[in-house]
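> Questions regarding the structure given below will be posed in turn.
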Amino acid sequence: MSDIYQKIRAMKVSEEIAEQIRTLIKEGKLRPGQKLPPERAFAQTLGVGRSSLREAMNTLATQGFIEIRKRQGIFVSNISDTLITDPLRQILKEDNSELPHLYELRKDIEMASAWLAAERRTPEDLIQIRQLLENMEQGVKNGAISLRDDLDFHLAIAHATRNFLRVHVLKNIFGLSGEFLGVVLGKLSRKPGNLPVICSHHRAIFEAIEARDKDQAREQMRTHLTWVEEKWRVVWEYEITPG
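The sequence shown runs 1 to 243 under the UniProt record's numbering.
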């Protein structure tokens, strides 16, 4: 019976480093595309030797968590992109009638995200969400809302949940439906009154999250995404679906 057990060994320094970086990525504290500190400064910050740090970085690169770019530095990878988008992209390529189901999935994720964000958001999260909201409100005054600001607003709420997978799944849903979302936003922008409605929805979501009102945050997200869904279904029926 004793032969099923293995001796416990102390974790190597490089393994501790790698585990810390993985945790920071999963918690959203290190974000995709973010550059890590230079090797010498990073080793000093962590209180480790450069050889241990180098070994940890090689491990993380092999696992796909980071990307080492020659003469540029080390960057956090979009680790879930190909894992999630490639199979779904093939499905949508073969049958774009699945796009409404993708929106349904987005709606479920975002309503839950708003609820959790109201509970877990930090002051830094509020600053980020508010800035994106203000960007869109300024856009309304100029007659157009940036699709990037719109999607980043929703992603910032997902980041506030501290759920690594939630952020990446939502990001990939946006990536898969980005072209269609751009068409819909363009159509909405041309009809007077639509852009102020979008911003009023976003502000209501933000204020509920700021107030830590979880149920209200979820309900405001439901209201917003249901309204958008009604608009894009018209575009889908008359301009995207053949026949």
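A virtual CB, placed ideally from N, CA and C, is assigned to each residue, including glycine. All values reported here derive from a predicted model rather than from experimental measurement.
(1) Compare the Cα-Cα distances from glutamate 16 to each of Ala43, Pro32, Pro38 and report the closest residue.
(2) Tell me whether the beta-carbon of alanine 118 lies closer than 8 Å to the beta-carbon of lysine 214.
(3) Is any beta-carbon of chain C found at less than 8 Å from that of aspartate 125?
(4) Would you tell me roughly how many angstroms separate the C-alpha atoms of threonine 226 and glycine 64, rounded to the nearest one?
(5) Indicate the three-state DSSP secondary structure (helix, strand or coil) for phenylalanine 75 in the structure shown.
(6) Need the endpoints of the alpha helix (DSSP H) that isoleucine 157 sits in, please.
(7) I'd like to check one pair, arginine 120 with threonine 161: are the Cβ atoms closer than 8 Å?
(8) Within 10 angstroms of its Cβ, does alanine 18 collect 16 or more other Cβ (buried), or is it exposed?
(9) Is proline 196 near valine 234, with beta carbons less than 8 Å apart?
(10) Between the alpha carbons of histidine 201 and valine 228, how many angstroms are there, rounded?
(11) Could you compute how far the alpha carbon of glutamine 20 sits from the alpha carbon of alanine 56?
(12) Could you compute how far the alpha carbon of glutamate 39 sits from the alpha carbon of valine 13?
(13) Please determine, among Arg106, Glu137, Ile157, the residue with the shortest C-alpha to C-alpha distance to isoleucine 129.
(14) How do the segment 67-79 and the segment 99-118 stand: do at least 3 beta-carbon pairs fall below 8 Å, yes or no?
(15) Between the Cα of methionine 11 and those of Ser52, Leu36, Lys35, Pro37, spot the shortest distance and give me the residue it belongs to.
(16) Asparagine 142: buried (16+ other C-beta within 10 angstroms of its C-beta) or exposed?
(17) Taking the alpha-carbon of leucine 185 as reference, which of Ser146, His168, Leu155, Lys171 has the nearest alpha-carbon?
(18) In whole angstroms, give me the CA-to-CA distance for threonine 23 and tryptophan 232.
(19) From leucine 99 to valine 48, what distance separates their C-alpha atoms?
(20) What first and last residue would you give for the beta strand (DSSP E) that runs through arginine 69?
(21) Go through the segment 169-243 residue by residue and report every complete run of the alpha helix (DSSP H) that reaches 4 residues or more, in order.
(22) Could you have a look at lysine 107 and say whether DSSP puts it in helix, strand or coil?
(23) Within 10 angstroms of its Cβ, does alanine 41 collect 16 or more other Cβ (buried), or is it exposed?
(24) Helix, strand or coil for lysine 29? Go by DSSP, reduced to three states.
Quick answer:
(1) Comparing Cα-Cα distances from glutamate 16 to each of Ala43, Pro32, Pro38, the minimum goes to Ala43.
(2) Cβ distance < 8 Å, so alanine 118 and lysine 214 count as in contact.
(3) No chain C appears in this structure, which consists of one protein chain only.
(4) Rounded to whole angstroms, threonine 226 to glycine 64 spans 36 Å at the Cα level.
(5) The DSSP-derived three-state label of phenylalanine 75 is strand.
(6) For isoleucine 157, the enclosing alpha helix (DSSP H) has its first and last residue at 147-159.
(7) It is a contact, given that the beta carbons lie within the stated cut-off.
(8) It counts as buried.
(9) The Cβ atoms of proline 196 and valine 234 do not sit closer than 8 Å to each other.
(10) Rounded to the nearest angstrom, the two C-alpha atoms are 10 Å apart.
(11) Near 10 Å, if we compare the C-alpha coordinates of alanine 56 and glutamine 20.
(12) Those two C-alpha atoms are separated by around 15 Å.
(13) If we check each option's Cα against that of isoleucine 129, Ile157 comes out closest.
(14) At 8 Å Cβ cutoff, the stretches do not touch.
(15) Of the residues Ser52, Leu36, Lys35, Pro37, the one whose Cα lies closest to the Cα of methionine 11 is Ser52.
(16) Asparagine 142 comes out exposed.
(17) Among Ser146, His168, Leu155, Lys171, the Cα nearest to that of leucine 185 is on Ser146.
(18) Their backbone Cα atoms lie some 38 Å apart in a straight line.
(19) In a straight line, the C-alpha of leucine 99 is about 49 Å away from that of valine 48.
(20) For arginine 69, the enclosing beta strand (DSSP E) stretches over residues 66-69.
(21) Unbroken alpha helix (DSSP H) stretches of 4 residues or longer found wholly inside the segment 169-243: 194-210, 214-235, given in chain order.
(22) In the three-state reduction of the DSSP assignment, lysine 107 falls in the helix class.
(23) When all chains shown are included, alanine 41 counts as exposed.
(24) In this structure, DSSP gives lysine 29 a state outside helix and strand, which the three-state scheme calls coil.
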